[in-house]
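Residue numbers (my numbering): 14 to 108.
Glycine included, each C-beta is placed from N, C-alpha and C at the ideal position.
None of the values given here were measured: they were computed from a predicted structure.
Inspection log for the structure reproduced underneath, given as structure tokens.
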Amino acid sequence: MPKIHMVRLVVYIPERQMKELEAIHNTLELHVSEIVRRAIDEYIERVKRKTKIKKEVEKDEADDKKAKTAGNGEKQGVVREGSAHKRSFWDRFRI
């Protein structure tokens, strides 16, 4: 199984949501972080189905993979068109 690189993300959520997450944690015996990761995955898939961004995201992932393995295996700096505007791109899908 390939190693998955994780990044740290700090978010603030309402107490109500935290209580719901803790209830799910107690019921399913899963870490809250795993519950949140699964919820994010489900949300991303739903957005992909409802939009036409899937191909763009897959292209970015393929470009990232190529950049990581370019040359002698060290990560090489790759600047893609529009890469400086990732935040505003995802802001369009806020609910």
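Simplified DSSP state of residue i, which is helix, strand or coil
i     : result
VAL91 : Here VAL91 scores only 49 on pLDDT, less than 50, and its place in the model should not be relied on; the value that follows carries that caveat. If DSSP states are grouped into helix, strand and coil, VAL91 belongs with coil.
THR82 : helix
VAL70 : helix
LYS65 : coil
GLU58 : helix
MET31 : helix
HIS18 : coil
HIS44 : coil
Supposed close pair residue i, residue j - CB separation, criterion 8 Å
i     : j     : result
ILE48 : ILE37 : 5 Å
VAL45 : LEU34 : 5 Å
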